[in-house]
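Asks: Got a structure for you, questions after.
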Amino acid sequence: MKKFLSLFGVLLLAVVFLAACDDDTDNGYDDDNGEVADASAEDIRLVVPYLGLTDEQIEAAESLGEMDTPYNRFMYGLRREAESAMADQGAEVEFVDWGWAESLDQQQRALIAAGDAPDIVVGEIFMPTYAAEDILLPLPQDIVDAVNPSFLVFNDNDQAVAVAARASVFSLFYNRDLLEAAGFDSAPTTWDEFQMMSDAITEAGNGEFFGGGVPSFPHAGGALRATPFFRQMGTDFIVDGELQLESQELIETLYFIRAMNHNLPLGLGNSASEDPMWNAFEVEQNIAFVINGTWQAGGAERNDMNWGVAPLPLPAGGVEGNCLVAAMYMAVPRGASHPELSFDIIRLALSENLSEIWLDDSVPSPRQDIIDHTARWSDNETLAVAIEAVSTGEVSGLATFPQNDAQIWEIINTQILARTTMTNDPIATIVAEASAQIQSLLD
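Numbering (this note's numbering), first residue to last: -7 to 435.
Spelled out as structure tokens, the structure:
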């Protein structure tokens, strides 16, 4: 820990600014070895989306009495520390609100294409696509060394180019009262147990309550929750550049998802909106099992549930598998005006005092030293299950396709996952038809 902080301090104190060089491809940053070179400029203004709270967001949070939530504490803390650190370097930092998901992606891409890249880019499911397109600078080695590899995104040259300030994984949350009503006193550990228990709870509920299944929402919410089950079978939608849609392992997993869907109220698991699912679990409390990120613990607590959490059940002969979700990836794009300062802001976001805040929200910290310090989180069952999942360093977000990524995911979401639970069409037919469409987008 002292080594990490001292290195950060040295970097902040040692950076001197040179006149802007003619070669704007590196802007004082050595792409090959990730070392920060000296740079200098006057009237430096760094533009950073999403990270930090804007004045308007602070005003809104204060009016709602929400400034003390872990999210706002992190964001406001990062803004204050970044403004102070950058002022010491003769720079200003502006945190801007460009939304999230597609709106953020579109704004960042537009600026990069126009040659006016923001100083930091932020995102979730589209960040691996940025990495594949080689529009991100490699992370300095001290950042890579400080975090668990599960929180990194790599480019095609196996260089770490993005890091998550926070991220969650999926667990099995359950209603203890509904389990007990059907004669069960613990969570399932295998797919067979999961299906057997869910079937029994649905039967005992007689239309009043249900066992629950694996969501197949026709968007990223379904893909994210289904992906861990494919990975437990040792597969994914694409592996090493080859489509796996028609593999026996993927087909078998889809049949499992279809079977489990019968233990959800009609239409709930494949609804375009996720809200009815979480409302049924937390508020109505008529579903025994849900697959969700660590934030589900907060919803259960707010609604006075008698709840529990467990690792995802495994198939016979399966392997541990999960999917990173709610990842807040940070990266510096090629073309950023002052990458050395941008990386300093990322270092601040990963500092110990700010990273520890996420533990209060049952969200794993990316820092390896915090993960290794079990006393900091072992008394939080939800956090313990999540950290156990990421500790291998091998958990990643959704698979990335080399081209037409968004269009391909639209096909997977609507024509594979949702169709699996909304029709009785043979799974082999579903994946064959989708595979043909997707292959045409990859050729």
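Idealized CB from N, CA, C, for every residue including glycine.
Taking only runs that begin and end inside the segment 75 to 144, name each unbroken beta strand (DSSP E) of 3 or more residues, in chain order.
Replies: Here the runs fully enclosed are 83 to 88 and 113 to 115.
Asks: Could you spell out the range, first to last residue, of the alpha helix (DSSP H) harbouring Asn345?
Replies: That run of the alpha helix (DSSP H) goes Glu344 to Ser347.
Asks: By DSSP, does Leu43 sit in helix, in strand, or in coil?
Replies: Looking at Leu43 - three-state DSSP - the assignment turns out to be coil, as it is neither helix nor strand.
Asks: Please identify the residue among Leu235, Tyr42, Pro132 and Thr392 whose C-alpha is closest to the C-alpha of Ser432.
Replies: Answer by Cα proximity: Leu235.
Asks: Report the rounded CA-to-CA distance for Asp169 versus Arg326, giving the unit in angstroms.
Replies: Roughly 53 Å between the two C-alpha positions.
Asks: Short of 8 Å in beta carbon distance, which residues of its chain neighbour Ala192, apart from the five on each side in sequence? Order them along the chain.
Replies: Excluding residues within five positions, the ones whose Cβ falls inside 8 Å are Ala174, Gly175, Phe176 and Gly203.
Asks: For Met297, tell me which candidate among Gly91, Arg368, Ser142 and Phe281 has the shortest Cα-Cα distance.
Replies: Comparing Cα positions, the closest option is Phe281.
Asks: Confirm, please, whether the CB-CB distance from Gly226 to Glu238 is below 8 Å.
Replies: Going by C-beta atoms, Glu238 is not nearer than 8 Å to Gly226.
Asks: Can you check DSSP and say which residues form a bridge with Tyr68?
Replies: None; Tyr68 has no bridge partner.
Asks: Inspect the beta-carbon positions of Ala319 and Ala159 and report whether they are closer than 8 Å.
Replies: Their beta carbons are under 8 Å apart, which means Ala319 touches Ala159 by this criterion.
Asks: In terms of alpha-carbon separation, which member of Glu386, Leu333, Thr374 and Ile363 lies closest to Phe347?
Replies: Correcting the residue type first, residue 347 is Ser in the shown sequence and not Phe. The shortest Cα separation from Ser347 among Glu386, Leu333, Thr374 and Ile363 belongs to Ile363.
Asks: With which residues is Ser163 paired in a DSSP beta bridge?
Replies: BP columns for Ser163 point to Asn284.
Asks: Taking one C-beta from the segment 257 to 274 and one from the segment 145 to 153 each time, how about it: are there three or more such pairs within less than 8 Å?
Replies: With a cut-off of 8 Å, the segment 145 to 153 and the segment 257 to 274 do not count as touching, because too few Cβ pairs lie within range.
Asks: Taking just the CA atoms, how far does Asp267 sit from Thr219?
Replies: Straight-line Cα distance between these residues: approximately 20 Å.
Asks: Under 6 Å Cβ to Cβ from Pro356, same chain only, skipping five residues before and after it: list those, please.
Replies: The answer, listed in chain order, is Ala378, Ile379 and Val382.
Asks: Would you tell me roughly how many angstroms separate the C-alpha atoms of Phe201 and Arg294, rounded to the nearest one?
Replies: When rounded, the distance between both Cα atoms is 20 Å.
Asks: Can you name the start and end residues of the alpha helix (DSSP H) that Ala174 belongs to?
Replies: No alpha helix (DSSP H) holds Ala174; DSSP gives it neither H nor E.
Asks: Given that a residue counts as buried once 16 or more other Cβ atoms are within 10 Å of its Cβ, and exposed if not, what is Thr392?
Replies: Flag for Thr392 reads buried.
Asks: To which residues of the same chain is Glu274 closer than 7 Å at the C-beta, ignoring the five residues directly before and after it?
Replies: Excluding residues within five positions, the ones whose Cβ falls inside 7 Å are Gly291, Ala292, Asn295 and Met297.
Asks: Shortest alpha-carbon distance to Glu244 belongs to which of Asn314, Ala420, Ala74 and Leu43?
Replies: Closest option to Glu244, Cα to Cα, is Ala420.
Asks: Rounding to the nearest angstrom, what Cα-Cα distance links Ala323 and Asn64 in this structure?
Replies: Roughly 21 Å between the two C-alpha positions.
Asks: My assumption, with CB atoms under 8 Å, is that Thr46 sits in contact with Val88. Please give the rounded CB distance.
Replies: The Cβ separation is near 7 Å, so the contact holds.
Asks: Just how far apart, CA to CA, sit Gly205 and Arg359?
Replies: If I take the Cα positions, the gap works out to 33 Å.
Asks: Helix, strand or coil, according to DSSP, for Asn25 in the structure here?
Replies: Note that Asn25 scores 48 on pLDDT, short of 50, meaning its location in the model is unreliable and no value can be drawn from it.
Asks: Kindly indicate which three-state DSSP category Asp417 falls into: helix, strand or coil?
Replies: Asp417: coil per DSSP, three-state reduction.
Asks: The beta strand (DSSP E) that contains Gly300, what's its start and end?
Replies: Per DSSP, Gly300 belongs to the beta strand (DSSP E) from Trp299 to Ala302.
Asks: Sorted by chain position, which residues of the same chain lie with C-beta nearer than 7 Å to Trp299's C-beta, five sequence neighbours on each side aside?
Replies: Around Trp299: Phe165, Tyr166, Asn167, Arg168 and Ala292.
Asks: So, under 8 Å CB-CB, Leu375 and Ala215 are touching, yes? Tell me the CB distance rounded to an integer number of Å.
Replies: Wrong, their Cβ atoms sit about 25 Å apart, outside the cutoff.
Asks: Near Phe453, which residues of its chain fall below 8 Å by C-beta distance, leaving aside the five closest residues on each side in sequence?
Replies: This structure cannot speak to residue 453, because the chain is shown only from -7 to 435.
Asks: Tell me which residues share the same chain as Glu27 and place their Cβ nearer than 6 Å to its Cβ, disregarding the 5 neighbours each side in the sequence.
Replies: Residue placement at Glu27 is poorly supported in this model, since its pLDDT is 47, which falls under 50; the coordinates still yield a value, given next. Hits under 6 Å: none found.
Asks: With a threshold of 8 Å, are at least 3 pairs of Cβ atoms found where one atom belongs to the segment 113 to 125 and the other to the segment 385 to 399?
Replies: Output reads yes: the segment 385 to 399 touches the segment 113 to 125.
Asks: Per DSSP, what kind of secondary structure is Ala218 in: helix, strand or coil?
Replies: Three-state result, Ala218: helix.
Asks: Name the DSSP bridge partner or partners of Pro325?
Replies: Partner(s): Leu128.
Asks: Please go through the same chain and pick out, in chain order, the residues whose beta-carbon is closer than 6 Å to the beta-carbon of Ala272, but skip the five residues on each side of it.
Replies: Here the set comprises Asn278 and Ile279.
Asks: Give the range of the alpha helix (DSSP H) segment to which Ala251 is assigned.
Replies: Start and end: Gln240 to Asn253.
Asks: Taking Ala212 as the reference, give the member of Leu246, Ser178 and Ser265 with the closest Cα.
Replies: Looking at the Cα atoms, Ser265 is the closest of the given residues.
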